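So for the sequence shown, the numbering used here puts the first residue at 1; every next one is plus one.
The next block holds one structure in the form of structure tokens; read it before the comments.
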Amino acid sequence: MLIIRSLAFNLVFYLSLIVQMIFWTPFYFLSPRHRAWFVPKFWSRTSMWLYDKIAATKSEITGVENLPEGSFILAPKHQSFWDAIAFFPYLDDALYILKRELTWIPFFGWYIMKMRMIPVDRGSRSKALKAVVVATRQEMDRNPRQLIIYPEGTRRPPGAEPSYKYGIVEIYSQLGVPVVPVAHVAGLYWPRRKFLRYPGTIKARFLPPIPPGLGKEEFMQRLIGETEAACDQMLVEAAQAPNPPPMPPTALKRLAELGVAAKT
Numbered sequence: 001m002l003i004i005r006s007l008a009f010n011l012v013f014y015l016s017l018i019v020q021m022i023f024w025t026p027f028y029f030l031s032p033r034h035r036a037w038f039v040p041k042f043w044s045r046t047s048m049w050l051y052d053k054i055a056a057t058k059s060e061i062t063g064v065e066n067l068p069e070g071s072f073i074l075a076p077k078h079q080s081f082w083d084a085i086a087f088f089p090y091l092d093d094a095l096y097i098l099k100r101e102l103t104w105i106p107f108f109g110w111y112i113m114k115m116r117m118i119p120v121d122r123g124s125r126s127k128a129l130k131a132v133v134v135a136t137r138q139e140m141d142r143n144p145r146q147l148i149i150y151p152e153g154t155r156r157p158p159g160a161e162p163s164y165k166y167g168i169v170e171i172y173s174q175l176g177v178p179v180v181p182v183a184h185v186a187g188l189y190w191p192r193r194k195f196l197r198y199p200g201t202i203k204a205r206f207l208p209p210i211p212p213g214l215g216k217e218e219f220m221q222r223l224i225g226e227t228e229a230a231c232d233q234m235l236v237e238a239a240q241a242p243n244p245p246p247m248p249p250t251a252l253k254r255l256a257e258l259g260v261a262a263k264t
């Protein structure tokens, strides 16, 4: 049943993406940008609904009261494709940093550029970081926007040793806006590099914002400490649930460090 549900969801998920991109094209490209945001937000909501109905995985996102008004940085853990789409409905005007090559993809790239995302060229990281800061500041000066940054850069399995990159520290110090950490363990249910979708409830929480103006070291300590503590709590809750998802080796190792025995 797990394989059938997973296969069915994956097929319907990508079919829904294609159908909605085609269906919404006139409205999306003829509408002002702020109104066109309805389309990706609607797609996010329908994707979460399909995930619940087909794969039997609910999404429970709390802490919305911690989202500031205006511009800020959203800093989620990155474990799954789930965390790339689940937060759209909670943001007024999300802003992503992405590889320029993605904007060259017909249709998909046009959708991206409609929302004035920030494309970066491959090459020197320092040059790319400076370009990101300049472009993001320009966007935030034009309209309040919410920059989504994954502090660890790439997807990592639940419970893995933290590997936060310096980029978010520099962007935080240069932009002077709050940072909202986001804790979750979605990788237990929608694992990276696997097509299986495990049933249960994905819990995510917007944590209290870290105010602007902190020193770089203090900011990094708070970001890591607060995010990882909340993720540890969620990992323990998931492991002790009546029907827990399979725990990857990184999660089992972290649970052992926390003195928690996973159910078998």
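Heads up, the beta-carbon is just placed ideally off N, CA and C, and yes, glycines get one too.
Values in this document were obtained by computation on a predicted structure and should not be read as measured data.
What residue range is occupied by the uninterrupted alpha helix (DSSP H) comprising residue i?
i      : result
Ser22  : Looking at the sequence itself, residue 22 is Ile, so the reference to Ser does not match. From DSSP, the alpha helix (DSSP H) with Ile22 extends over Leu2 to Phe23.
Ile112 : Phe108 to Lys114
Tyr166 : Here Tyr166 belongs to no alpha helix (DSSP H), and DSSP marks it neither H nor E.
Thr46  : Phe38 to Ala55
Met247 : Careful: Met247 lies outside any alpha helix (DSSP H) and carries neither H nor E.
Ala84  : Trp82 to Ile85
Using alpha carbons as the reference points, say which of the options lies closest to residue i.
i      : options                           : result
Pro244 : Thr57, Phe42, Ser16 and Leu214    : Thr57
Arg137 : Ala36, Glu257, Gln174 and Ala186  : Gln174
Ile168 : Pro248, Phe72 and Pro26           : Phe72
Met220 : Thr201, Arg35, Pro181 and Phe88   : Pro181
Lys165 : Gly176, Ile202, Gly200 and Arg125 : Arg125
Glu65  : Pro209, Pro242, Ala261 and Ala251 : Pro209
Ala204 : Ala238, Val179 and Arg192         : Ala238
Asp93  : Leu30, Leu67 and Trp104           : Leu67
Ile18  : Ile3, Pro106 and His34            : Pro106
Tyr150 : Ile3, Gln79 and Ser16             : Gln79
Phe38  : Ala55, Met115, Gly225 and Leu188  : Met115
Trp110 : Gly200, Met21 and Lys53           : Met21
Phe283 : Leu2, Leu11 and Phe87             : No answer is possible for residue 283: it lies beyond the span of the chain, which begins at 1 and ends at 264.
Tyr90  : Glu60, Lys53 and Leu102           : Glu60
Ala160 : Glu257, Pro40 and Phe29           : Glu257
Leu15  : Thr46, Pro26 and Ser31            : Thr46
Gln233 : Leu255, Leu74, Val134 and Ile224  : Leu255
Gly70  : Lys253, Tyr28, Val177 and Leu30   : Val177
Pro211 : Ile224, Tyr172 and Ala230         : Tyr172
Any idea what DSSP makes of residue i, helix, strand or coil?
i      : result
Ala149 : As written in the sequence, residue 149 is Ile, which differs from the Ala given in the question. DSSP places Ile149 in coil when its eight states are reduced to three.
Val177 : coil
Phe72  : strand
Val185 : coil
Lys58  : strand
Arg205 : strand
Ala210 : The question names Ala, but residue 210 in the sequence shown is Ile. Strand, per DSSP.
Gly63  : coil
Gly225 : helix
So, is residue i buried or exposed, given that buried needs 16 or more other C-beta atoms within 10 angstroms?
i      : result
His184 : buried
Met140 : buried
Asp284 : The requested residue 284 is not part of the displayed model; the chain covers only 1 to 264.
Phe108 : exposed
Met48  : buried
Thr227 : buried
Lys130 : exposed
Tyr51  : buried
Arg35  : exposed
Gln240 : exposed
Tyr198 : buried
Trp190 : buried
Lys216 : exposed
Ala3   : The amino acid at residue 3 is misidentified as Ala; the sequence shows Ile. Per the 10 Å Cβ criterion, exposed.
Lys127 : exposed
Leu223 : buried
Suppose contacts are defined by Cβ-Cβ distances below 9 Å. Is residue i in contact with residue j by that definition?
i      : j      : result
Thr62  : Phe195 : no
Ala186 : Trp82  : yes
Val132 : Ile118 : yes
Pro162 : Glu170 : no
Leu235 : Ala261 : no
Arg5   : Ile54  : yes
Leu188 : Met247 : yes
Leu95  : Arg145 : yes
Ala75  : Val179 : yes
How would you write the range of the beta strand (DSSP E) that residue i sits in, first residue to last?
i      : result
Arg125 : Here Arg125 belongs to no beta strand (DSSP E); instead the alpha helix (DSSP H) covers Arg125 to Arg142.
Phe99  : Rather than Phe, the amino acid found at residue 99 in this sequence is Lys. Where Lys99 is concerned, the enclosing beta strand (DSSP E) stretches over Ala94 to Lys99.
Pro119 : Ile118 to Val120
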